[in-house]
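Trainee:
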Amino acid sequence: MSVLTSLFFSKPPRRVIRLALVALLLPLNGQAAELPGFADLVERNAPSIVEISTMRSVEARPTIPDQELEELLRRLNPGQDPELDLDQIPRQRQRAAVGSGFLMSGDGYVITNNHVVVGADEIQVHLNDRRVFEAEVVGLDEPSDLALLKIDAEDLPHVEFGDSDAIRVGDWVLAIGSPFGLEFSAAAGIVSAMGRSIPGRSSYNYMSFIQTDVAINQGNSGGPLFNLDGQVIGINSQILSSTGGSNGISFSIPSNVALNVIGQLQESGKVDRGLLGVRMREVDFALAEIFEMERPRGAFVDEVQPDSPAEAAGLLNEDIILEFNGHEIEYFTDLPFYVGQYQPGTVAEVLVFRSGELLTREVTLGSSPTNEIASNTPQVQQERGNPLGFRISELSPETQQVTGLSGVRIAELNAGPGRDAGLLEGDVIVSLNRQTIESADDFARVANALPESGFVPIRIVREGQGTTLALELSP
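Everything in the sequence shown is counted per this note's numbering, starting at 1 for the first residue and increasing by one.
Rendered as structure tokens:
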């Protein structure tokens, strides 16, 4: 009879009961003893973490016509003529935002996310010792969502970088940042997956994220992700959430990718990425069977773009790219990620599967349109009289040329009919209420003429696919 069975069918001495309980708890205590402690890591690295606060001017026009505003003031002040000068009404208001970052060097270089500081009129960096510095933008890179700032200070504590390629799923990691403005907060978790692709923020997918279950919230953006050795192996960038708070799925930019981007920003203020020039998709089970592959893998070339480096190298439609310059292409999203790590003019080898044979082609990379987009990012505009609950930005000429789209991009989505209809940030609006949208002026004109209530159609393009959604307007 086992010890547990004897506890149920007899009355053993108390000493036996105590021994049985100890035996049950020993595995749990042994497991707990193996859990890592993060206190030393936090204490050592906290001085290198910064909080970033920004101020930006946004348009704040009255929501009622000028004549109605004058009449309202007269009613509020009976017997008086306010002689309202509408030109004196402030048309701008300041909006504050908070993010995270960290010191990468002792001479004041700070890394954060592009989306934390882009469009800001004023950027302040708050150090752990409570000193505050005005920051200068050295460079911004929207495709990687990275930004490099500089403050006027010396002999600062700074982080040490680690090798993001060396981490594995299941490794412990720690994030330090300012969630919801609560500065220098630490949160731990594990690496949940590697090589995640999250399309939507940019038209060009040049990122392969580290996925973790660390509790990342608003304000953590731009903060570091540490391994157990206290080295930065990622920069926290995005979350997936149904509520706006942490659902245990967060994404970080690998440190090896960040160092490549930051190095270029530090040297020239911009990032140059290579271009292959193919339109591709996943190799699924059906394609693998059709082309007699052992298993699905690689990037299927739907179309080789005319006059592209791929065409010059002899790549063909229906080629399956298995390797790029020594990097294995398991999923089609791997290809733009690796291509983006090389600068224009780089000569790279491409391994393709064609008609049952493996062939190697040599390609000289061109220049990605993002090289111009990053250095000439359009300013986000507040649409006039927009009742839909989002802000838009123009599409750059380069994006229009590459994608063939004309329209405006959703830059920021707030509560309102747009969110209720299922719109997402990054969606490209090509028509509203069955009227073609080619510019921000078109959008403002059509939005101002929308009915006060009812349903109106809005057509968008998301990840290359067009769809029409219904916006419900209410007075």
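Every residue, glycine too, gets a C-beta built ideally from N, C-alpha and C.
Note that this is a predicted model, so its numbers are computed, not measured.
When DSSP labels each residue in this structure, what does G366 get in the three-state scheme?
Mentor: Working through the sequence shown from its first residue, we reach residue 366 at position 366. In the structure shown, G366 sits in a strand (DSSP, three-state: E or B).
Trainee: Suppose you measure from the CA of V428 to the CA of E43; what does that come to, to the nearest Å?
Mentor: Here residue 428 is taken as the residue at index 428 of the sequence shown, counted from 1. Here residue 43 is taken as the residue at index 43 of the sequence shown, counted from 1. The straight-line gap from Cα to Cα measures roughly 45 Å.
Trainee: For P165, count the other beta carbons within 10 Å of its own beta carbon; 16 or more makes it buried, fewer makes it exposed. Which is it?
Mentor: Here residue 165 is taken as the residue at index 165 of the sequence shown, counted from 1. Sequence inspection shows Asp at residue 165; the Pro mentioned does not correspond to that position. Exposed is the call here.
Trainee: Out of I320, P36 and T364, which has the shortest C-alpha to C-alpha gap to R273?
Mentor: Stepping through the sequence shown from its first residue, residue 273 is reached at position 273. Looking at the Cα atoms, T364 is the closest of the given residues.
Trainee: So, using beta-carbon positions, are G345 and G389 closer together than 8 Å?
Mentor: Position 345 of the sequence shown, counted from the start, is the residue given in the question as residue 345. Position 389 of the sequence shown, counted from the start, is the residue given in the question as residue 389. No, they are not a contact pair.
Trainee: Going by DSSP, which residues form a beta bridge with M280?
Mentor: Residue mapping note: residue 280 aligns to position 280 of the sequence shown, counting from 1. In DSSP, M280 forms a bridge with V301.
Trainee: Tell me which same chain residues have a C-beta within less than 8 Å of the C-beta of G106, skipping the five on either side of it?
Mentor: Position 106 of the sequence shown, counting from 1, holds the residue named residue 106. Closer than 8 Å at Cβ, skipping near neighbours: E154, D155, L156, P157 and H158.
Trainee: Between the Cα of R291 and those of A312, I320 and R281, spot the shortest distance and give me the residue it belongs to.
Mentor: Position 291 of the sequence shown, counted from the first residue, corresponds to residue 291. With the sequence shown as reference, residue 291 is identified as Phe, and Arg is not the correct amino acid for it. For F291, the nearest C-alpha among the options comes from I320.
Trainee: Which residues in the same chain have their Cβ closer than 7 Å to the Cβ of R361, if we skip the five residues on either side of it in sequence?
Mentor: On the sequence shown, position 361 is the one that residue 361 refers to. For R361, where only same-chain residues beyond five positions count, the Cβ hits under 7 Å are A313, G314, L315, V350 and V352.
Trainee: Suppose the cutoff is 7 Å on Cβ atoms and the five residues either side in sequence are ignored; what does the same chain contact list for L359 look like?
Mentor: As a working mapping, residue 359 is identified with position 359 in the sequence shown. Taken in chain order, the residues that qualify are V352.
Trainee: Which ranges does the beta strand (DSSP E) cover as unbroken runs of at least 3 residues, wholly within the region 149–215, from first to last along the chain?
Mentor: 172–177, 185–196 and 209–212
Trainee: Among E51, E328 and L103, whose alpha-carbon lies nearest the alpha-carbon of E183?
Mentor: For the purposes of this step, residue 183 is identified with residue 183 of the sequence shown, where counting begins at 1. Just measuring C-alpha positions, the residue of E51, E328 and L103 sitting nearest E183 is E51.
Trainee: Determine, using beta-carbon pairs with one atom in the region 231–239 and one in the region 322–333, whether at least three such pairs fall under 8 Å.
Mentor: No, the region 231–239 does not touch the region 322–333.
Trainee: Would you kindly check if the distance between the Cβ of P179 and the Cβ of Q218 is under 8 Å?
Mentor: Here residue 218 refers to the residue found at position 218 when the sequence shown is read from its first residue. Here residue 179 refers to the residue found at position 179 when the sequence shown is read from its first residue. Yes, these two residues count as a Cβ contact at 8 Å.
Trainee: Which of helix, strand or coil does DSSP assign to A120?
Mentor: Translated into positions along the sequence shown, residue 120 becomes position 120. Three-state DSSP puts A120 in coil, outside helix and strand.
Trainee: Along the chain, where does the alpha helix (DSSP H) that runs through P336 open and close?
Mentor: Translated into the one-based positions of the sequence shown, residue 336 becomes position 336. Counting along the chain, the alpha helix (DSSP H) containing P336 begins and ends at D334 to V339.
Trainee: Going by Cα to Cα distance, which pick from L103, V116, G108 and V257 is closest to A97?
Mentor: If you number the sequence shown from 1, residue 97 lands on position 97. Answer by Cα proximity: V116.
Trainee: Hey, E311 and G277: beta-carbon distance below 8 Å or not?
Mentor: Start at 1 with the first residue of the sequence shown, and residue 311 comes out as number 311. Start at 1 with the first residue of the sequence shown, and residue 277 comes out as number 277. Yes, they are a contact pair.
Trainee: Could you tell me whether the region 130–137 touches the region 248–267, using the rule of 3 or more Cβ pairs below 8 Å?
Mentor: The region 130–137 vs the region 248–267: no contact.
Trainee: Helix, strand or coil for P309 per DSSP?
Mentor: Stepping through the sequence shown from its first residue, residue 309 is reached at position 309. DSSP, read as helix, strand or coil, puts P309 in helix.
Trainee: With distances taken between CB atoms, is the gap from G108 to G222 smaller than 8 Å?
Mentor: The residue given as residue 108 occupies position 108 in the sequence shown. The residue given as residue 222 occupies position 222 in the sequence shown. Contact: no.
Trainee: With distance defined between alpha-carbon atoms, name the residue in Q305, A415 and D213 nearest to L174.
Mentor: In the sequence shown, residue 174 corresponds to position 174, counting from 1. Closest by alpha carbon: D213.
Trainee: Determine the contact status of D145 and N256, defining contact as a CB-CB distance below 8 Å.
Mentor: The count along the sequence shown starts at 1 and reaches residue 145 at position 145. The count along the sequence shown starts at 1 and reaches residue 256 at position 256. No, the pair does not count as a contact, with Cβ atoms beyond the cut-off.
Trainee: Helix, strand or coil for R434, going by three-state DSSP, please let me know.
Mentor: Along the sequence shown, read from residue 1 onward, the residue named residue 434 stands at position 434. It is coil, neither helix nor strand.
Trainee: Is E136 closer than 8 Å to M55 when the C-beta atoms are compared?
Mentor: Taking the first residue of the sequence shown as 1, we reach residue 55 at position 55. Taking the first residue of the sequence shown as 1, we reach residue 136 at position 136. For M55 and E136, no; Cβs fall outside 8 Å.
Trainee: Exposed or buried, what is R391 when buried is set at 16 or more other beta-carbons lying within 10 Å of its beta-carbon?
Mentor: Taking the first residue of the sequence shown as position 1, residue 391 is located at position 391. Buried, by the Cβ-count rule.
Trainee: Quick one: measure Cβ to Cβ for M280 and D302, integer angstroms, because I've assumed they're closer than 8 Å.
Mentor: Within the sequence shown, numbered from 1, the residue matching residue 280 stands at position 280. Within the sequence shown, numbered from 1, the residue matching residue 302 stands at position 302. Yes, they are in contact, since the Cβ atoms of M280 and D302 sit about 6 Å apart, within 8 Å.
Trainee: Who are N236's beta bridge partners in DSSP?
Mentor: What you label residue 236 is simply residue 236 of the sequence shown in a count that begins at 1. Answer is S252, bridged to N236.
Trainee: Would you list, in sequence order, the uninterrupted beta strand (DSSP E) runs of no fewer than 3 residues that lie entirely inside the region 402–474?
Mentor: 408–413, 428–432, 454–462 and 465–473
Trainee: Quick check: A415 and E425, are their CB atoms within less than 8 Å of each other?
Mentor: Residue mapping note: residue 415 aligns to position 415 of the sequence shown, counting from 1. Residue mapping note: residue 425 aligns to position 425 of the sequence shown, counting from 1. Cβ atoms of A415 and E425: not closer than 8 Å.
Trainee: Throw me the rounded Cβ distance for the A299 and L335 pair, which I believe falls under 8 Å.
Mentor: Position 299 of the sequence shown holds residue 299. Position 335 of the sequence shown holds residue 335. Yes, A299 and L335 are in contact; Cβ-Cβ is about 4 Å, under 8 Å.
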